[in-house]
Amino acid sequence: MHREKIKSLNYLDYFQENQADVSLKYLLQSKSPTEGSKVLFVAGVHGDETAPVAALIKLHKIFNAKPELLLKGTTSFLLANPIAFKKGMRYVQYDLNRCFQESVEDVSTIEGKRVSSIREYFAKTEFDIVLDLHSMLVGEFRLVIFEKNQVDSINYLDKTSDIGYYATYQNNFTHNSLLSEFSNKKGVQTFGIECGNNKSIKTVSVAFDQMVRTLEYLEMIQVDSIPLMGRVEKTDFIQIFDIRETIKPHPGFNFVDPDVKTGSYIKKGQIYATYKNGYNLAHENLNLLLPKTSLEKTIKKLVTLLRFIDSKGKYSINENKKLPSVAFFVCNCLIF
Ligand SMILES: [Zn+2]
């Protein structure tokens, strides 16, 4: 059997064997007898993104072995789409990250049913922080995305994350996603995190360290009581982007300038890409933000999503950490 497949089955077994004593399946919990914050760490929203799931298990195992490390509160670990995960697929019938909606008919799909039970179970739980951890199958790129009006997000990221690329969204941008469910509907501080390439141990490290540092941030564990994996170097910048626009890459999509890279500037009115029956035109001044590998020949496969990102730099951060003016984002998985 394929090595990745064996790993996934072991992970599923782990979730089943350590299932929290609750009605929601594939949920693990570490609980301190002392009252405190509640956090939810989610992985496997897309079933083929195994690296963040490995990170969940790694952290749960540590609490299992030494429950006293959790000084207060409750840490929940959710494998969001176990059926897709078992099959090694992004989803079985419908992208689970589009199922957080009100319409009844979608409950008929495997993912729709799973989302109903997730919603039902968490209907009354008030979380302090939710992390939705993703990885990408092609390319290597890291990004944290969060709702623009979430109070204190920059402070949290400054203290807990070394990723450096942050994107904010507003309104219904992440329609029917887990992010919108927890952030917009439930008002929980929620972060969607692209942790990197799924095959890289660095990706497990990013997910694991983010969880540990979140627990430190909320004072649920003592600082340095759980060693970080620390496989990824710190970035020396913070760049915050506002997502401006979604672009669907049509057949034959190509950038006009084949050398475009993160930071490339596109002027309002400029045609920056062409496709078989038309072109893409910038509706405002923008910069480009994209993972290195998207410039390879396989660009059409990689580009499943194109988004404009803009930052007007409304956040105040350390002066040595610079802000871009505006940006445009292209990525193969992206949280949505
Ligand atoms: Zn994903």
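Everything in the sequence shown is counted per my numbering, starting at 3 for the first residue and increasing by one. Note that the Cβ used here is the ideal one computed from N, Cα and C, for glycine as well. Please read all numbers here as calculations on a predicted model, not as lab measurements.
One question on the structure: do N83 and G114 come within less than 8 Å of each other, judged by their Cβ atoms? Looking up residue 83 in the sequence shown gives position 81. Looking up residue 114 in the sequence shown gives position 112. Going by C-beta atoms, N83 is not nearer than 8 Å to G114.
With DSSP as the reference, please indicate the residues paired to N289 in a beta bridge. Taking the first residue of the sequence shown as position 1, residue 289 is located at position 287. Y267.
Throw me the rounded Cβ distance for the V111 and Y96 pair, which I believe falls under 8 Å. The count along the sequence shown starts at 1 and reaches residue 111 at position 109. The count along the sequence shown starts at 1 and reaches residue 96 at position 94. Note on residue identity: the sequence assigns Thr, not Val, to residue 111. Taking the Cβ atoms as the reference, T111 lies roughly 5 Å from Y96, within the contact range of under 8 Å.
Any 3 or more C-beta pairs closer than 8 Å across the stretch 54–61 and the stretch 206–223: Taking one beta carbon from each stretch, the stretch 54–61 and the stretch 206–223 have 3 or more pairs nearer than 8 Å; the two touch.
So the beta strand (DSSP E) K33 belongs to, where does it begin and stop? For this step, residue 33 is matched to residue 31 along the sequence shown. Unbroken beta strand (DSSP E) run through K33: 29–33.
Between the beta-carbon of L288 and the beta-carbon of I273, is there less than 8 Å? Along the sequence shown, read from residue 1 onward, the residue named residue 288 stands at position 286. Along the sequence shown, read from residue 1 onward, the residue named residue 273 stands at position 271. The beta carbons of L288 and I273 sit no closer together than 8 Å.
Using the C-alpha atoms, what's the distance from A67 back to L30? What you label residue 30 is simply residue 28 of the sequence shown in a count that begins at 1. What you label residue 67 is simply residue 65 of the sequence shown in a count that begins at 1. It is roughly 14 Å from the alpha-carbon of L30 to the alpha-carbon of A67.
One or two residues paired with K40 in a DSSP bridge: One-based indexing of the sequence shown puts residue 40 at position 38. BP columns for K40 point to T76.
Between the Cα of T76 and those of E221, V94, R246, N99, spot the shortest distance and give me the residue it belongs to. As a first step, residue 76 is located in the sequence shown; it is residue number 74 there, counting from the start. For T76, the closest C-alpha among the options E221, V94, R246, N99 is that of E221.
Let's see if you can read the secondary structure: which residues bound the alpha helix (DSSP H) around A209? For the purposes of this step, residue 209 is taken as the residue at position 207 of the sequence shown. It spans 203–219 - the alpha helix (DSSP H) in which A209 sits, taken as one unbroken run.
E51 CB to nearest heavy atom of ligand 1 below 7 Å: Sequence index remark: in the sequence shown, residue 51 carries index 49 (1-based). Yes, the Cβ of E51 comes within 7 Å of a heavy atom of ligand 1.
I'd like to confirm something about V47: is its beta-carbon nearer than 7 Å to some heavy atom of ligand 1, or not? Mapped onto the sequence shown, residue 47 falls at position 45. It does: the Cβ of V47 is within 7 Å (strictly closer) of some heavy atom of ligand 1.
Using the Cα positions of A22 and K40, report the straight-line distance between them to the nearest angstrom. Within the sequence shown, the letter at position 20 stands for residue 22. Within the sequence shown, the letter at position 38 stands for residue 40. Put simply, the backbone Cα of A22 is about 15 Å away from that of K40.
Just how far apart, CA to CA, sit Y219 and N157? On the sequence shown, residue 219 is found 217 positions in, with the first residue counted as 1. On the sequence shown, residue 157 is found 155 positions in, with the first residue counted as 1. Roughly 10 Å separates the two Cα atoms.
Tell me which same chain residues have a C-beta within less than 6 Å of the C-beta of K27, skipping the five on either side of it? Here residue 27 is taken as the residue at index 25 of the sequence shown, counted from 1. Excluding sequence neighbours, K27 sits near nothing in its chain.
Is H136 near ligand 1, in the sense that its beta carbon is under 7 Å from a heavy atom of that ligand? The residue you call residue 136 lines up with position 134 of the sequence shown. Yes, the Cβ of H136 comes within 7 Å of a heavy atom of ligand 1.
Please classify I8: does DSSP put it in a helix, a strand, or coil? Here residue 8 corresponds to residue number 6 of the sequence shown, with the count starting at 1. In the structure shown, I8 sits in a helix (DSSP, three-state: H, G or I).
Is the beta carbon of G254 less than 8 Å from the beta carbon of Y277? Position 252 of the sequence shown, counting from 1, holds the residue named residue 254. Position 275 of the sequence shown, counting from 1, holds the residue named residue 277. The Cβ atoms of G254 and Y277 sit closer than 8 Å to each other.
Out of G166, A169, I195, state which residue places its alpha-carbon closest to the alpha-carbon of L180. Numbered from its first residue, the sequence shown carries residue 180 at position 178. Considering only alpha carbons, the answer is I195.
Extent of the continuous beta strand (DSSP E) to which A275 belongs: Here residue 275 is taken as the residue at index 273 of the sequence shown, counted from 1. Run containing A275: 273–277, per the beta strand (DSSP E) assignment.
Simplified DSSP state of Y93, which is helix, strand or coil: For the purposes of this step, residue 93 is identified with residue 91 of the sequence shown, where counting begins at 1. In the structure shown, the three-state DSSP call for Y93 is coil.
DSSP beta-bridge partners for Y281? Here residue 281 is taken as the residue at index 279 of the sequence shown, counted from 1. Bridge partners of Y281: T276.
If we count the other Cβ atoms within 10 Å of its Cβ and call it buried at 16 or more, is A125 buried or exposed? The count along the sequence shown starts at 1 and reaches residue 125 at position 123. By the neighbour-count rule (16 or more Cβ atoms within 10 Å), A125 is not buried but exposed.
Give every residue of the same chain whose Cβ lies closer than 7 Å to the Cβ of A284, excluding the five residues on either side of it in the sequence, and list them in chain order. Looking up residue 284 in the sequence shown gives position 282. If we look at A284 and ignore the five residues flanking it on each side, its Cβ neighbours are I268, K269, K270, G271, Q272, Y274.
Classify N279: buried if its beta carbon has 16 or more other beta carbons within 10 angstroms, exposed otherwise. On the sequence shown, residue 279 is found 277 positions in, with the first residue counted as 1. Exposed: under 16 other Cβ atoms inside 10 Å.
Which partner residues does M138 have in the DSSP bridge list? Mapped onto the sequence shown, residue 138 falls at position 136. The partner list for M138 (beta bridge, DSSP) reads N199.
What three-state label does DSSP hand E183 in the structure shown? Position 181 of the sequence shown holds residue 183. Note: E183 maps to helix in three-state DSSP.
Over the uninterrupted alpha helix (DSSP H) stretch that includes I156, give me the two end residues. The residue labelled residue 156 in the question sits at position 154 within the sequence shown. For I156, the enclosing alpha helix (DSSP H) covers residues 155–162.
Per DSSP, cross-strand counterpart(s) of E149: For the purposes of this step, residue 149 is taken as residue 147 along the sequence shown, with counting starting at 1. BP columns for E149 point to Y171.
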